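One structure is given here, and the rest of the page talks about it.
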Amino acid sequence: MTSTELRAEDIRWDLTDLCSGADEARAEWTALVERAQELASRYRGRIASLDGTAFRTLLDETDELEQELSRLQVYSYLRLSMAATEVEANDLATFSRDRAAEIENALVFLGLEWIALDDDRAEELLASAEVAPYEHKLRVEREEKPYVLTEAEEQALNARRPTVSAWQALHDRHVSTLEVPFDAGEGVQPHTISQLLSYLYRPDRDIRLRAVTALYEGLAPRTDVLAAAYDALVGDRLSIDRLRGYANPMQPTNMNNELDDETVEAMMAATEEAHPIARKWLQAKAGLLGLDKLELADQYAPIGEARAFNWPEAVEIVDSSFTRFAPRLAEIFRSCIEAGHVDVLPRPGKAAGAYCTSVSKTILPYVLMNYTERLRDVSTLAHEFGHATHNVLALEQQTWRSHRTGIPMAEVPSTFAQALADDYLLQNETDPGTRAALAADRLENAFAAIFRQTVLARFEQRAYALRSDGRSLAAERLNELWVDENGKYYGDALVMPEGYAYGWSYIPHFIHVRFYTYAYSFAQLVALLLYRRYRQDAEAFAPKYLALLGAGGSASPADLVAPFGLDLRSIETWREAFAELDALREDADTLASQAAQ
Ligand SMILES: [Zn+2]
Numbered sequence: 254m255t256s257t258e259l260r261a262e263d264i265r266w267d268l269t270d271l272c273s274g275a276d277e278a279r280a281e282w283t284a285l286v287e288r289a290q291e292l293a294s295r296y297r298g299r300i301a302s303l304d305g306t307a308f309r310t311l312l313d314e315t316d317e318l319e320q321e322l323s324r325l326q327v328y329s330y331l332r333l334s335m336a337a338t339e340v341e342a343n344d345l346a347t348f349s350r351d352r353a354a355e356i357e358n359a360l361v362f363l364g365l366e367w368i369a370l371d372d373d374r375a376e377e378l379l380a381s382a383e384v385a386p387y388e389h390k391l392r393v394e395r396e397e398k399p400y401v402l403t404e405a406e407e408q409a410l411n412a413r414r415p416t417v418s419a420w421q422a423l424h425d426r427h428v429s430t431l432e433v434p435f436d437a438g439e440g441v442q443p444h445t446i447s448q449l450l451s452y453l454y455r456p457d458r459d460i461r462l463r464a465v466t467a468l469y470e471g472l473a474p475r476t477d478v479l480a481a482a483y484d485a486l487v488g489d490r491l492s493i494d495r496l497r498g499y500a501n502p503m504q505p506t507n508m509n510n511e512l513d514d515e516t517v518e519a520m521m522a523a524t525e526e527a528h529p530i531a532r533k534w535l536q537a538k539a540g541l542l543g544l545d546k547l548e549l550a551d552q553y554a555p556i557g558e559a560r561a562f563n564w565p566e567a568v569e570i571v572d573s574s575f576t577r578f579a580p581r582l583a584e585i586f587r588s589c590i591e592a593g594h595v596d597v598l599p600r601p602g603k604a605a606g607a608y609c610t611s612v613s614k615t616i617l618p619y620v621l622m623n624y625t626e627r628l629r630d631v632s633t634l635a636h637e638f639g640h641a642t643h644n645v646l647a648l649e650q651q652t653w654r655s656h657r658t659g660i661p662m663a664e665v666p667s668t669f670a671q672a673l674a675d676d677y678l679l680q681n682e683t684d685p686g687t688r689a690a691l692a693a694d695r696l697e698n699a700f701a702a703i704f705r706q707t708v709l710a711r712f713e714q715r716a717y718a719l720r721s722d723g724r725s726l727a728a729e730r731l732n733e734l735w736v737d738e739n740g741k742y743y744g745d746a747l748v749m750p751e752g753y754a755y756g757w758s759y760i761p762h763f764i765h766v767r768f769y770t771y772a773y774s775f776a777q778l779v780a781l782l783l784y785r786r787y788r789q790d791a792e793a794f795a796p797k798y799l800a801l802l803g804a805g806g807s808a809s810p811a812d813l814v815a816p817f818g819l820d821l822r823s824i825e826t827w828r829e830a831f832a833e834l835d836a837l838r839e840d841a842d843t844l845a846s847q848a849a850q
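Numbering (this note's numbering), first residue to last: 254 to 850.
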């Protein structure tokens, strides 16, 4: 049976490629812990004395062990995704977490001893031909070396972790327990923040405006405590940065992402230069909605009315758009469906959203969907298979350790795959409402990822600067910063309501991973640049792009995109991405006006 003949309700995960059952998984976990401890007993304290061949043997052994670990972890994670409240799945998840921690502890010596080597000894090993498949990741690990403190100091810092997490937990709880009384048409009911935010995508303007007002009224009494949690975390991070010797508060994130400070600044500066692109769209959108000026609540109001897409249609769109670009990608897409590695429909107890998870060099990735026949679900399917094809090609060519990229590059193939499917759809769809909705959605998603996430990163930079100047991050000060940075983006193209000053207060990234958000801008912009190269010369582009996917995380982002003639440190490169974005804006404008007639 081919993938298009399968009915959506029959396409469910078959987990037998991972493990045959919970009892089997427990036995395998126990054996794997022993294997890790045995490996550690053979190598602990010996890394400095290994030659290239012996070091390679160790790296291969751990690479295999980590794939076994991944297989068992994915098994237990997917069981939980299928049935969040099932006792057996929860027991197995707890058991798995504990065993995974034991394995991690057993193998922690490896990273520590590698970083502890002096430079000459490390270079000697890195120069050996046998170590080549691991070289890049090993070098990246050693870049941390100047910022690592003594063992006793690191232990003391680790011991503070629960206190730091307590601030994060306080913030999370304050946000997640917020319930605001709101009438969405069925009488007044308590609403969470995400429920209120979901009304911003409704066609009914009254409900959008009221949802925004209710959200900020609900947040207002909580902002003092939310600011106190943020202030404590920023203060803590800054004092540890000083101990470690980081030059600026963004540096740890940039190093993790393998991007230099210059690259990130060039990207953010080009983004700010391009604000007029967004404002032109917001002004056009006001016209389309019959308004003089947009309010914040109108920003994501729907444009055009999209038709429904059944599952076989979605499969056909992804299959055909991938085939047209590179048949190998479509082959991977179909083989994942046929292997039972895709779970399509929502069901009670099944996890929400969508994701793709890689397993190992010998097992295809698994994809979770919650397909409800909306246009957006088609894009999501393409997105997840952008990840899946990346995983498969990278694992074909790289070691396990080298296959995975950092967050900014990881979202490039998924965004690119979405663009392939969107373009295919725009060329083949005849319904004007669907075409308008697709073009507007695509543009507004790009705006949200590029412009808004950069506003967030700038807000963070200024908050860290104030705090390191000895000023506290009180709610009022954060309100001012927030309004100021958002004002630079929206200009006079949109009216921000007074309550929007509290917009900073519920954003989890600020609390959990500083400067996380620019990775979204990076991925969107690099995907736009690659798409531009593709449109310029499709034939030359596709093989180079497959090579990029196959390279996985074996090189830095700058080196990965260099074959496309992209210099990420140059602001000119990023300006080119905005030329592409402006073309998308024009398309959206044209299609939306046509649909409105
Ligand atoms: Zn993704």
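We treat Cβ as the ideally placed atom computed from N, Cα and C, and that holds for glycine.
Model, not experiment: these values are computed from the prediction.
Ordered list of alpha helix (DSSP H) runs contained in the segment 334-370, each at least 4 residues: Within the segment 334-370, the complete alpha helix (DSSP H) runs of at least 4 residues are 340-369.
Sub-8 Å separation of G639 and Q671 beta-carbons: Start at 1 with the first residue of the sequence shown, and residue 639 comes out as number 386. Start at 1 with the first residue of the sequence shown, and residue 671 comes out as number 418. Yes; because the gap between Cβ atoms is below 8 Å, this pair is in contact.
Chain-ordered list of residues that sit, by beta carbon, closer than 6 Å to a heavy atom of ligand 1: Those satisfying the condition are, in chain order, H636, H640, E664 and S667.
Length of the line joining the Cα atoms of F768 and E825: To locate residue 768, count along the sequence shown from 1; it is residue 515. To locate residue 825, count along the sequence shown from 1; it is residue 572. Pairing F768 with E825, the inter-Cα distance amounts to about 23 Å.
Rounded C-alpha distance that separates R720 from A481: Counting from 1 along the sequence shown, the entry for residue 720 is found at position 467. Counting from 1 along the sequence shown, the entry for residue 481 is found at position 228. Spanning the two alpha carbons is a distance of roughly 12 Å.
Enclosing beta strand (DSSP E) for F435 [first to last residue]: Your numbering for residue 435 matches position 182 in the sequence shown. Here the beta strand (DSSP E) through F435 covers V433 to D436.
Assigned exposure category for P456 - 16 Cβ within 10 Å defines buried: Against the sequence shown, residue 456 aligns to sequence position 203. The residue is exposed, with fewer than 16 neighbouring Cβ atoms inside 10 Å.
Helix, strand or coil at P443 according to DSSP, with G and I counted as helix: Locating residue 443 in the sequence shown gives position 190, counting from the first residue. In this structure, P443 counts as strand in the three-state DSSP scheme.
Cβ shell of L582 (< 6 Å), same chain only, five flanking positions each side left out: By one-based count along the sequence shown, residue 582 stands at place 329. Taken in chain order, the residues that qualify are F575 and T642.
As assigned by DSSP and simplified to three states, the class of T642: The residue given as residue 642 occupies position 389 in the sequence shown. Assigned with DSSP and collapsed to three states, T642 falls in helix.
Neighbourhood of L402 by C-beta distance below 8 Å, restricted to the same chain and skipping five residues each side: On the sequence shown, position 149 is the one that residue 402 refers to. Within the same chain, L402 has close Cβ partners L410, L496 and R497.
Residue environment, E511, which counts as buried when at least 16 other CB atoms sit within 10 Å: Here the question's residue 511 lines up with position 258 in the sequence shown. Counting the other Cβ atoms within 10 Å of the Cβ of E511 gives 16 or more, which makes it buried.
Cβ neighbour criterion (16 or more within 10 Å) applied to R426: The residue given as residue 426 occupies position 173 in the sequence shown. Exposed, by the Cβ-count rule.
The segment 486-494 touching the segment 415-435, judged by at least three CB pairs closer than 8 Å: In this structure the segment 486-494 lies against the segment 415-435, because at least three pairs of beta carbons, one per stretch, are closer than 8 Å.
Alpha-carbon to alpha-carbon, L449 and G440: One-based indexing of the sequence shown puts residue 440 at position 187. One-based indexing of the sequence shown puts residue 449 at position 196. The alpha-carbon of G440 is positioned some 15 Å away from that of L449.
Classification of G723 by the beta-carbon crowding that lies within 10 angstroms, buried from 16 upward: On the sequence shown, position 470 is the one that residue 723 refers to. Burial check for G723: the Cβ neighbour count within 10 Å stays below 16, so the residue is exposed.
D263 burial status per 10 Å Cβ neighbour count (16 or more: buried): Within the sequence shown, numbered from 1, the residue matching residue 263 stands at position 10. Of the residues assessed, D263 falls on the exposed side of the cut-off, its CB having fewer than 16 other CB atoms within 10 angstroms.
Proximity to A527 [Cα-Cα], best of S846, L834, L844 and A849: The residue labelled residue 527 in the question sits at position 274 within the sequence shown. Nearest to A527 by alpha-carbon distance, out of S846, L834, L844 and A849, is L834.
Pick from D694, R688 and Y759 that is closest to T430, judged by C-alpha positions: Along the sequence shown, one-based indexing puts residue 430 at 177. When only C-alpha atoms are compared, the closest one is Y759.
Cα-Cα separation between R288 and L325, rounded to whole angstroms: Taking the first residue of the sequence shown as 1, we reach residue 288 at position 35. Taking the first residue of the sequence shown as 1, we reach residue 325 at position 72. Approximately 14 Å between the Cα atoms of the pair.
Burial state of M254 (16 or more Cβ within 10 Å): Residue mapping note: residue 254 aligns to position 1 of the sequence shown, counting from 1. Its pLDDT being 47, under 50, M254 is placed unreliably in this model, and the value from its coordinates should be taken loosely. M254 comes out exposed.
Residues that DSSP places opposite D596 in a beta bridge: As a working mapping, residue 596 is identified with position 343 in the sequence shown. DSSP, once it has assigned bridges, lists L621 as partnering D596.
Those runs of the alpha helix (DSSP H) which lie wholly inside the segment 775-832 and span at least 4 residues: Scanning the segment 775-832 for uninterrupted alpha helix (DSSP H) segments of 4 residues or longer gives 791-804 and 810-814, listed from N- to C-terminal end.
Candidates A780, G805 and Q706, of which the one nearest H762 by Cα: Within the sequence shown, the letter at position 509 stands for residue 762. In terms of Cα proximity to H762, the closest of A780, G805 and Q706 is Q706.
As assigned by DSSP and simplified to three states, the class of T707: Within the sequence shown, numbered from 1, the residue matching residue 707 stands at position 454. Here T707 sits in helix by DSSP.
8 Å Cβ cutoff met for R629 and A554: As a first step, residue 629 must be located in the sequence shown, where it is residue number 376. As a first step, residue 554 must be located in the sequence shown, where it is residue number 301. Contact: no.
Backbone secondary structure at E548 - three-state DSSP: Taking the sequence shown and counting its residues from 1, the one referred to as residue 548 is at position 295. The three-state reading of DSSP puts E548 in strand, counting E and B together.
Counted within 10 angstroms of its Cβ, other Cβ atoms place K741 as buried (16 or more) or exposed: In the sequence shown, the residue the question calls residue 741 occupies position 488. In this structure K741 is exposed. Its beta-carbon is surrounded by fewer than 16 other beta-carbon atoms within 10 angstroms.
A795 versus Y624 - alpha carbon distance: Residue 795 sits at position 542 when you count from the first residue of the sequence shown. Residue 624 sits at position 371 when you count from the first residue of the sequence shown. A795 and Y624 have their C-alpha atoms roughly 29 Å apart.
Y608, enclosing beta strand (DSSP E) - first and last residue: On the sequence shown, residue 608 is found 355 positions in, with the first residue counted as 1. Note, Y608: beta strand (DSSP E), Y608 to T610.
L582 in three-state terms, based on DSSP: As a working mapping, residue 582 is identified with position 329 in the sequence shown. Per DSSP, reduced to three states, the secondary structure at L582 is helical.
Any non-hydrogen atom of ligand 2 within 7 Å of L370 CB: Ligands present in the displayed structure are limited to ligand 1, and ligand 2 is not among them.
Three-state secondary structure (DSSP) of V748: Locating residue 748 in the sequence shown gives position 495, where the first residue counts as 1. Three-state result, V748: strand.
Among E357, T687, L802 and V766, nearest to A780 - alpha-carbon criterion: Residue numbering aside, residue 780 sits at position 527 when the sequence shown is read from its first letter. When each option's Cα is compared against that of A780, the closest is L802.
Status (buried if at least 16 other CB within 10 Å, exposed otherwise) for K546: Residue 546 sits at position 293 when you count from the first residue of the sequence shown. If you draw a 10 Å sphere on the C-beta of K546, you find fewer than 16 other C-beta atoms in it, and that means exposed.
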